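Residue numbers (UniProt numbering): 1 to 483.
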Amino acid sequence: MSRYPPLTQEQDSRVTKLVDLLQETYLPLPPQLQELQRLTPLAEEQKASTSHNPVRQYCYCFLISREWDLQKAFEMMQLTVRYRAEHRLDGQRVFPCAISCKGWDQEAIRKALAKGEGTEESLQPRPTDQRLDRLCAGIAPFFSYGFHKWDKFGQPVLYMMIGTVDEPGLLESLRHMANVGQSAEAVLWEVVLHILAVGESLQMYQQLQYSAGALKVDAADGLIRSATIVIDLKGLTYKMLWKPALDLFMNTLREIFKYYPQCMYQILIVNSPAMVMFAYKIVRGVLPPGVQQKVHIANEADTPEALKKWLDEDCLPDFYGGTCHCDGGCIHGFDPTKKEKTVTATETTDSASTAAHDEDERNGTVRPEFVETEDITLKAGYHHKRVFPLKNREKAVWEFVSSNARNVTFAKYFVPEANAKEVNWAKAQTSKLEPFLVSKASLSEGSDEYTAAADGVIVLVWDNRQSWFTAKHLQMKVFKNDN
Ligand SMILES: [Zn+2]
1 MSRYPPLTQE QDSRVTKLVD LLQETYLPLP PQLQELQRLT PLAEEQKAST SHNPVRQYCY
61 CFLISREWDL QKAFEMMQLT VRYRAEHRLD GQRVFPCAIS CKGWDQEAIR KALAKGEGTE
121 ESLQPRPTDQ RLDRLCAGIA PFFSYGFHKW DKFGQPVLYM MIGTVDEPGL LESLRHMANV
181 GQSAEAVLWE VVLHILAVGE SLQMYQQLQY SAGALKVDAA DGLIRSATIV IDLKGLTYKM
241 LWKPALDLFM NTLREIFKYY PQCMYQILIV NSPAMVMFAY KIVRGVLPPG VQQKVHIANE
301 ADTPEALKKW LDEDCLPDFY GGTCHCDGGC IHGFDPTKKE KTVTATETTD SASTAAHDED
361 ERNGTVRPEF VETEDITLKA GYHHKRVFPL KNREKAVWEF VSSNARNVTF AKYFVPEANA
421 KEVNWAKAQT SKLEPFLVSK ASLSEGSDEY TAAADGVIVL VWDNRQSWFT AKHLQMKVFK
481 NDN
């Protein structure tokens with residue numbers, strides 16, 4: 001996939017119109033653009049090219065982000081310029097940065113990007129005893145993320161290990177670090193601004209390196225001005241779809257799309273559990289086509305292959321099947337051998353959580369993180385049944401996928417306490433359950449929950465009796481949730 005698909009004549013003329021608006025409105029040009037021009041000396045033949053010319057490319061990004069609507073693109077440009085000025089985002093010192101950033105010599109980047117002239121201060125390294133450093137250190141035990149090398153086009157790659165985020169811990173630490181009256185979201189935004197600033201600097205440095213012939217990547221079609229995002233969902237559990245955490249994540253994304261045009265080239269969602277693949281298929285249709293094209297999603301088995309499509313092996317961390325082994329790990333603080341996030345002060349210790357596990361087993365509930373994925377083979381003419389006694393308001397949760405996307409009949413029944421008493425569940429025939437049917441459908445995958453409205457028994461049945469010949473293979477997770 002090309003980073004810069006060919007423009008139509010109409011699109012190219014809109015770029016020219018936005019360049020005119022830019023030059024009428026800003027004299028001198030916005031500082032960010034001046035910086036991009038300074039670091040991108042232009043060959044004569046590149047002056048007319050939108051993807052190589054810093055001014056035209058700058059305007060192009062706003063147009064792409066606003067789906068070629070000239071007026072909206074111009075409004076976004078003005079908003080961005082104002083926002084960057086208010087928050088002094090241009091000319092700030094970035095390196096050494098406060099986040100994990102592996103694969104570069106940060107001192108070399110700092111020197112390469114430093115202005116020849118300029119104040120003495122702007123040439124100095126960033127002081128590392130700032131509020132920003134305390135914020136990043138405060139978040140680190142709960143969330144691993146960082147820049148690591150680049151993709152086949154030379155774009156820096158940002159990894160976010162979302163599957164191992166300790167959401168309550170992260171939110172609590174953000175609240176602890178907030179200034180009086182400041183929201184957790186606003187604290188996180190301070191860190192996000194730094195991540196974005198690091199990303200912008202890395203892109204400029206990658207372009208410099210490429211122009212100097214020091215970087216062997218496929219960047220001939222245009223300037224390196226975006227990053228690739230890898231979102232790793234390994235370890236994600238049903239419980240993590242927790243509203244306060246989702247709100248925090250979505251609102252942060254919304255802010256990024258508001259002020260940062262075209263900052264992500266693509267989003268690779270890897271090690272995705274079945275329930276997310278399932279949910280994404282549903283939401284995909286409502287995303288704008290531009291966003292749909294950016295998102296690629298892979299389950300655990302397909303992850304190394306999916307990443308190698310976009311990243312060379314020497315740029316890919318070893319835990320994804322690449323050959324890179326950075327000192328201290330490719331993503332600082334991330335331990336790929338651990339299923340759970342490193343134990344921290346606010347978490348239970350191993351023995352305590354094992355005790356909690358035993359306790360849960362005794363009262364019949366299991367924590368999602370202890371639920372193992374089961375592989376079930378349904379022979380032709382057979383069915384698979386799971387039975388959970390539920391008290392009022394208790395919940396059963398499930399997700400399943402059939403291999404080769406073959407449908408099975410999935411039914412759920414809820415039998416009230418009074419009717420459930422005499423039933424021998426091991427032997428009960430599903431035909432006897434029909435009066436208690438809640439729903440039945442022919443599906444190849446599903447992810448849902450059922451909350452009991454009274455004491456009783458939930459029965460989940462996967463049925464392959466319609467089939468005379470074909471065995472179906474199901475991967476499933478089913479559990480009773482304790483909250
Ligand atoms: Zn590495």
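Idealized CB from N, CA, C, for every residue including glycine. No experiment lies behind these values; they were computed from the predicted model shown.
Is the distance from the Cβ of residue i to the Cβ of residue j below 7 Å?
| i | j | result |
| --- | --- | --- |
| Y145 | V230 | no |
| N251 | T303 | no |
| F400 | I458 | no |
| V81 | V55 | no |
| L33 | Y4 | no |
| V415 | G456 | yes |
| A140 | G333 | yes |
| A178 | V165 | no |
| S402 | S444 | yes |
| residue 520 | F142 | Look at the range of the chain in this structure, 1 to 483, and you will see that residue 520 is not part of it. |
| A126 | R93 | Just to set this straight, residue 126 is Arg in the shown sequence, not Ala. Yes, they are a contact pair. |
| K294 | Q266 | yes |
| T228 | V157 | yes |
| S2 | L113 | no |
| I297 | I269 | yes |
| N481 | K472 | no |
| D69 | P31 | no |
With distances taken Cα to Cα, identify the nearest neighbour of residue i among the options.
| i | options | result |
| --- | --- | --- |
| A184 | D247, Q266, K216 | D247 |
| A279 | D448, F95, T80 | D448 |
| T128 | L113, P96, W150, I139 | P96 |
| K115 | N299, L39, L378 | L39 |
| V276 | Y259, M240, V286, E255 | M240 |
| K243 | E167, I269, G163 | E167 |
| A426 | A245, V461, A306 | V461 |
| Y205 | R110, Q292, Q124 | R110 |
| K385 | Y259, L474, Q130 | L474 |
| F469 | N404, K480, L378 | L378 |
| G154 | I376, R126, G222 | G222 |
| N53 | Q207, G169, Q130 | Q207 |
| L21 | G381, L42, K72 | K72 |
| T476 | Q262, E313, T373 | For the sequence presented, residue 476 should be read as Met rather than Thr. Comparing Cα positions, the closest option is T373. |
| M161 | D335, G169, W398, P125 | D335 |
| A405 | A420, A274, Q9 | A274 |
| Y259 | F249, Q46, R66, H296 | R66 |
| D314 | K308, A471, T323 | T323 |
| F319 | G329, D312, W310, L311 | G329 |
| W398 | S211, E44, G446, D327 | G446 |
| Q466 | A418, H383, F479 | H383 |
| I99 | W68, A108, L79, C136 | C136 |
| Q203 | E417, P317, M264, L307 | M264 |
| G103 | Q78, H325, G91 | H325 |
| R254 | Q292, W189, R134 | W189 |
| F74 | E44, Q9, E24, Q209 | E24 |
| E10 | Q46, Y60, L36 | Y60 |
| P288 | E44, I64, Y26, L29 | I64 |
| A108 | A380, Q209, L42 | Q209 |
| I376 | V478, Q124, E305 | V478 |
| L79 | F257, K47, A212 | F257 |
Are the C-beta of residue i and some C-beta of chain D separated by less than 7 Å?
| i | result |
| --- | --- |
| Q34 | Looking for chain D here will not work: only one protein chain is present. |
Decide if the segment 440-454 is in contact with the segment 389-407; the criterion is three or more beta carbon pairs, one per stretch, under 8 Å apart.
-> yes
Whose CB is closer than 7 Å to a heavy atom of ligand 1? List the residues in chain order.
-> K102, G103, H148, K149, P317, C324, H325, C326, C330
If we count Cβ pairs, one from each stretch, closer than 8 Å, do we get three or more for the segment 429-445 versus the segment 405-413?
-> yes
Would you check if the segment 81-97 and the segment 168-186 touch, i.e. whether three or more CB-CB distances between them fall below 8 Å?
-> no
Using 8 Å as the Cβ pair cut-off and three pairs as the minimum, do the segment 232-245 and the segment 11-22 touch?
-> no
Could you tell me whether the segment 292-303 touches the segment 193-210, where touching means 3 or more Cβ pairs closer than 8 Å?
-> no
Counting only runs of 4+ residues fully inside the segment 219-261, write out the alpha helix (DSSP H) ranges in chain order.
-> 243-259
Of all the beta strand (DSSP E) runs that stay within the bounds of the segment 153-220, which reach a length of 3 or more residues?
-> 156-160
Take every Cβ of the segment 136-155, pair it with every Cβ of the segment 209-225, and state whether three or more of those distances are shorter than 8 Å.
-> yes
Counting only runs of 3+ residues fully inside the segment 23-93, write out the beta strand (DSSP E) ranges in chain order.
-> none
Sequence ranges, alpha helix (DSSP H) only - wholly within the segment 401-472, length at least 4 | 417-420
Which whole runs of the beta strand (DSSP E) in the segment 107-153 are 3 residues long or more, in chain order?
-> 145-150
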